[in-house]
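2 protein chains.
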Amino acid sequence: MSELANELENVSANKCFGGWHKQYRHFSRTLGCTMRFAVYLPPQAMVGENVPVLYWLSGLTCTDENFMQKAGAQRMAAELGLAIVAPDTSPRGDEVPDDPAQAYDLGLGAGFYVNASEAPWSRHYQMYDYVVKELPELIEAHFPVSDRRAISGHSMGGHGALTIALRNPERYRSVSAFSPISHPVDCPWGQKAFRAYLGDDQALWREYDASLLMADTRATLPALVDQGMDDAFLERELKPETLEAAARASGYPLTLRRHEGYDHSYYFIASFIGDHLQFHSRQLAQ
Amino acid sequence: MSELANELENVSANKCFGGWHKQYRHFSRTLGCTMRFAVYLPPQAMVGENVPVLYWLSGLTCTDENFMQKAGAQRMAAELGLAIVAPDTSPRGDEVPDDPAQAYDLGLGAGFYVNASEAPWSRHYQMYDYVVKELPELIEAHFPVSDRRAISGHSMGGHGALTIALRNPERYRSVSAFSPISHPVDCPWGQKAFRAYLGDDQALWREYDASLLMADTRATLPALVDQGMDDAFLERELKPETLEAAARASGYPLTLRRHEGYDHSYYFIASFIGDHLQFHSRQLAQ
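Just so you know, the protein sequences line up as chains D and P, in that order.
So the first sequence is numbered by UniProt numbering: it starts at 1 and just counts up by one.
So the second sequence is numbered by UniProt numbering: it starts at 1 and just counts up by one.
Put into structure tokens, the structure is as follows:
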């Protein structure tokens, strides 16, 4: 692992369900700043097996830590022999611009998994390329994993997972999401972020809209989406019905589950993350 | 539930594994301040069953939230039909004195589950009585639970769980702990807290020392203790070997498990909390 030291700095390690939760720092060429990510390596990876990887994209305000601390995913990941990689939700550091108003839904903690084209964002806010290319390259070069990948996420990260999978179906075996921002071109969170990062060209916005992509795609990557019906953001921001209609239009293999009483929190994610890991594991085994 | 409003104020509710995680505020007569606690009610409690209760005592700096967010206990609690109640770790509020140096290991967030006898602590720092008496009375009056109780905790809370169970074996069916402060009269954390809260009378200190109590007891409440062997506090603060020796001396039914590679974090707790809930559930069913 000595070549690791040149590129990856290990900043924490906790044994968990017989495997290891670890955090690393590295300089990202794509983002032009130092980034931290977390990886869970299941016990199988500690004994020489190249395990498949689930990439988890978090929601607004999160870092690599929220999912690893709150989702309770490690138990099932250890059972299934699945690594999980959780990146941060935006570029970070003093040199990275933030929203002047410091709103939680733009700038730091709110990268929206797009490649920004507009000033002052375009220099660092390239989260799409970071997640699609640089991060998997780094992970596959330095950890005992295979190139079998799945992708999932929550809210802004659910939008990220769906759009990245729909645009790169050859790179993933499956995709899932909790409470995704399903139609960002038509909701306040999405419109605010896209206008800032992508400017006014709506053709560019369409490339980052899960419902528009799904309505139009020939991809057949299996997709599982869970949505809580007491989610405070359901009608205004999330709009799962547009994703459902898009899947119907293109015949896309989407399973959308609605859960009575559940909200937008990690208590919801924890309740169903086991189902998601099993879903991905079945696809990754094929 | 209308009489609830007089005593308990519900401040949050999240559906989780078919049950509910809820936070409440109430005025504690014992502590002379407003306290918040969290309760997890499993699905069985929502359909009229009076379920048993596990009381969870957290460690230094924690509130009611750490365990509920990070331990991943709700999955197994839902499966077993077990409620979990997590109090705060000290009295709270502007009127409650804190350590003048604001150290993390004294004052707010560090009540050590004792009844303080010394000024300025004695007015509010009565966490022993709060956990033993007031909190269970409140819980059993207002929630669909039985009077079958178990108790567990982590670090300072492991000390709390063990000492409370050993002094009140008739009130609990079982006790467990993660990384408990096993012999506080002989470690820096314990000595600092006991000197402040209890003064210099070492006879009083002995009433709050799990190893001394266990060496001397005729109680036979089953006890399960898990300890990580890469825990940074192991030798200086935790000293599980003193608890083990005490159990040998009195023939106490202690199961102490040492786990290679695990640390003091919630990643350790999450890895073995399922075992603890199953252990308690077996005792509670008898």
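Using N, Cα and C, we set each Cβ at its ideal position, and we do this for glycine too.
Note that this is a predicted model, so its numbers are computed, not measured.
- Going by DSSP, glutamine 126 of chain D is part of no beta strand (DSSP E) at all; its letter is neither H nor E.
- With a 10 Å radius around the Cβ and a threshold of 16 neighbouring Cβ atoms, alanine 101 of chain P comes out exposed.
- With fewer than 16 neighbouring CB atoms inside 10 Å of its own CB, methionine 229 of chain P falls in the exposed class.
- Exposed is the label assigned to glutamate 260 of chain P, since fewer than 16 other Cβ atoms lie within 10 Å of its Cβ.
- The Cβ-Cβ distance between proline 180 of chain D and valine 225 of chain D falls below 8 Å.
- Contacts between glutamine 69 of chain P and chain D, judged by CB atoms closer than 8 Å, involve Gln69, Lys70 and Tyr266 in chain order.
- The beta carbon of glutamine 74 of chain D sits closer than 8 Å to some beta carbon of chain P.
- Secondary-structure assignment with DSSP links alanine 150 of chain D through a beta bridge to D/Leu54 and D/Ser174.
- For glutamate 244 of chain D, the closest C-alpha among the options D/Ser182, D/Leu198 and D/Phe272 is that of D/Ser182.
- At the C-beta level, leucine 254 of chain D and alanine 203 of chain D stay beyond 8 Å of one another.
- Counting only runs of 4+ residues, the alpha helix (DSSP H) found wholly inside the region 25 to 54 of chain P occupies 43 to 46, in chain order.
- No Cβ of chain D is located within less than 8 Å of the beta carbon of asparagine 10 of chain P.
- Listed as beta-bridge partners of asparagine 115 of chain P by DSSP are P/Gln126.
- Taking a 10 Å sphere around the C-beta of glycine 59 of chain D, we find 16 or more other C-beta atoms and assign the residue as buried.
- Contact note: aspartate 263 of chain D reaches chain P through Ala13, Asn14 and Lys15, using a C-beta cutoff of 9 Å and chain order.
- Sequence-distant Cβ neighbours of valine 185 of chain P in its own chain, meaning closer than 6 Å and more than five residues away, are Trp205 and Asp209.
- Secondary structure at arginine 92 of chain P: coil, using DSSP grouped into helix, strand and coil.
- Within the model, the alpha-carbon separation for serine 265 of chain D versus glutamate 140 of chain D is close to 31 Å.
- Between the C-alpha atoms of valine 39 of chain P and alanine 86 of chain P there is a straight-line separation of about 6 Å.
- Around the CB of proline 42 of chain P, 16 or more other CB atoms lie within 10 Å, so the residue is classed as buried.
- Contact note: alanine 270 of chain P reaches chain D through Cys16, Phe17, Gly72, Gln74 and Arg75, using a C-beta cutoff of 8 Å and chain order.
- Isoleucine 273 of chain D is not a Cβ neighbour of alanine 116 of chain D, given a cutoff of 8 Å.
- Listed in chain order, the positions of the region 17 to 36 of chain D with a beta carbon within less than 9 Å of a beta carbon of chain P are Phe17, Gly18, Trp20 and His21.
- Between the region 186 to 202 of chain P and the region 229 to 241 of chain P there are three or more inter-stretch CB-CB distances shorter than 8 Å, so the stretches are counted as touching.
- The Cβ-Cβ distance between leucine 135 of chain P and methionine 214 of chain P does not fall below 8 Å.
- Threonine 242 of chain P: member of the alpha helix (DSSP H) spanning 240 to 250, first to last residue.
- The Cβ atoms of asparagine 168 of chain D and aspartate 263 of chain P do not sit closer than 8 Å to each other.
- For the pair serine 28 of chain D and cysteine 16 of chain P, the CB atoms are not nearer than the 8 Å cut-off.
- Apart from sequence neighbours up to five positions away, the residues of its chain that approach methionine 68 of chain D with a beta-carbon distance below 7 Å are His21, Ala38, Tyr40 and Ala86, ordered along the chain.
- In the three-state reduction of the DSSP assignment, serine 211 of chain D falls in the helix class, which pools H, G and I.
- Sorting P/Ser281, P/Phe194, P/Glu241 and P/Glu137 by C-alpha distance to the C-alpha of leucine 8 of chain P places P/Glu137 at the top.
- The beta carbon of cysteine 33 of chain P sits closer than 7 Å to the beta carbons of Pro91, Arg92, Gly93, Glu95, Val96 and His124 from its chain, once the five residues preceding and following it are set aside; these are given in chain order.
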